[in-house]
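A.B. asks:
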Amino acid sequence: MTKTEITAQIAQLLQTDDITSIKSEVRDLLANFKAEVAKEKQLQLEAWNAEEHEEGSDFEYTPGPEDAEMDELMSAYRERVKEHGKKIAEEQAVNLKAKEAVLSELEALLKEEENIGKMFGVFNELKEKWDTIGNVPGDKYKEVSDRYQLLREEFFYNINIYKELQENDLKINDKKKQDLIAKVKEAVQMESLREMEVLLRSYQKEWMDIGPS
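For the sequence shown, the working numbering puts the final residue at 210, and the numbers step up evenly by one.
1. Give me, in chain order, the residues of the same chain whose beta-carbon lies closer than 8 Å to that of Leu107; leave out the 5 immediate sequence neighbours on both sides.
2. Just to confirm, is the Cβ distance from Tyr74 to Leu123 under 8 Å?
3. Give every residue of the same chain whose Cβ lies closer than 8 Å to the Cβ of Trp204, excluding the five residues on either side of it in the sequence, and list them in chain order.
4. Three-state secondary structure (DSSP) at Met116?
5. Can you tell me the Cα-Cα spacing of Gln89 and Lys126, whole angstroms?
6. Measure how close the beta-carbons of Thr4 and Glu66 come, nearest whole angstrom, since I'm counting them as under 8 Å.
7. With respect to the alpha helix (DSSP H) encompassing Leu89, which residues constitute its N-terminal and C-terminal limits?
8. Using beta-carbon positions only, say whether Asn29 and Met(-2) come within less than 8 Å of one another.
9. Counting only the same chain and skipping the five closest in sequence on each side, list residues whose C-beta sits under 7 Å from that of Ala221.
In structure tokens form, the structure reads like this:
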């Protein structure tokens, strides 16, 4: 492949929108171009050595028009790579702020929310939001990922503790209701209808105050 053919291929590749997709092809073509330049240098050197020269003169490679064209193409390629990198960095900075916002919301949820049903709903919304956010800067990835993982573990730990406390409360309430049922059974055996009604109203209020079992 000649230098002209190589520069033509690179020029065609630079028409691609996704500059990252042509990286390996450009690298291979550039290597081929340098190999062709090396061959030309060797041929020019051999021709130079075959001629007579003034003492102290040194060989200098004479580049062709393709060399200048290649320099321009590679300059354009590197500029696009640079712009792409800048764009990615800006996107990752925005993503970092978005993930930090989710982490703040998770921290607030753990501190303030006590309704287990609502906690699960909000947590799932935050998890979905987290999953849709793109990449963050590489030097921040571990930090934000570790924070997220710790908050998730804390959330599920708190949920388990809440469930245990809830189950214990339900058992206690069940015992209270069983005791109250026993009192009601005794009350209905009373001879005084008035005293029985007073007790039953009192027991009914206690029953309503106990809560779920």
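For each residue, glycine too, the CB sits at the ideal point set by N, CA and C.
C.D. replies: Well, looking at it:
1. Numbered from 1 along the sequence shown, position 110 holds the residue referred to as residue 107. For Leu107, where only same-chain residues beyond five positions count, the Cβ hits under 8 Å are Leu148, Glu151, Phe152 and Asn155.
2. Taking the first residue of the sequence shown as 1, we reach residue 74 at position 77. Taking the first residue of the sequence shown as 1, we reach residue 123 at position 126. No, the pair does not count as a contact, with Cβ atoms beyond the cut-off.
3. For the purposes of this step, residue 204 is identified with residue 207 of the sequence shown, where counting begins at 1. Cβ neighbours of Trp204 beyond the five flanking positions: Lys174 and Leu177.
4. Position 119 of the sequence shown, counting from 1, holds the residue named residue 116. Looking at Met116 - three-state DSSP - the assignment turns out to be helix.
5. Translated into the one-based positions of the sequence shown, residue 89 becomes position 92. Translated into the one-based positions of the sequence shown, residue 126 becomes position 129. Gln89 and Lys126: Cα-Cα distance of roughly 16 Å.
6. Start at 1 with the first residue of the sequence shown, and residue 4 comes out as number 7. Start at 1 with the first residue of the sequence shown, and residue 66 comes out as number 69. With 8 Å as the limit, Thr4 and Glu66 qualify as a contact, their Cβ atoms being about 5 Å apart.
7. Here residue 89 is taken as the residue at index 92 of the sequence shown, counted from 1. The residue asked about is misnamed: residue 89 is Gln in this sequence, not Leu. That run of the alpha helix (DSSP H) goes Pro62 to Glu109.
8. Taking the first residue of the sequence shown as position 1, residue 29 is located at position 32. Taking the first residue of the sequence shown as position 1, residue -2 is located at position 1. Yes, the Cβ-Cβ distance between Asn29 and Met(-2) is below 8 Å.
9. One cannot answer for residue 221 here, as it falls past the ends of the chain, which runs -2 to 210.
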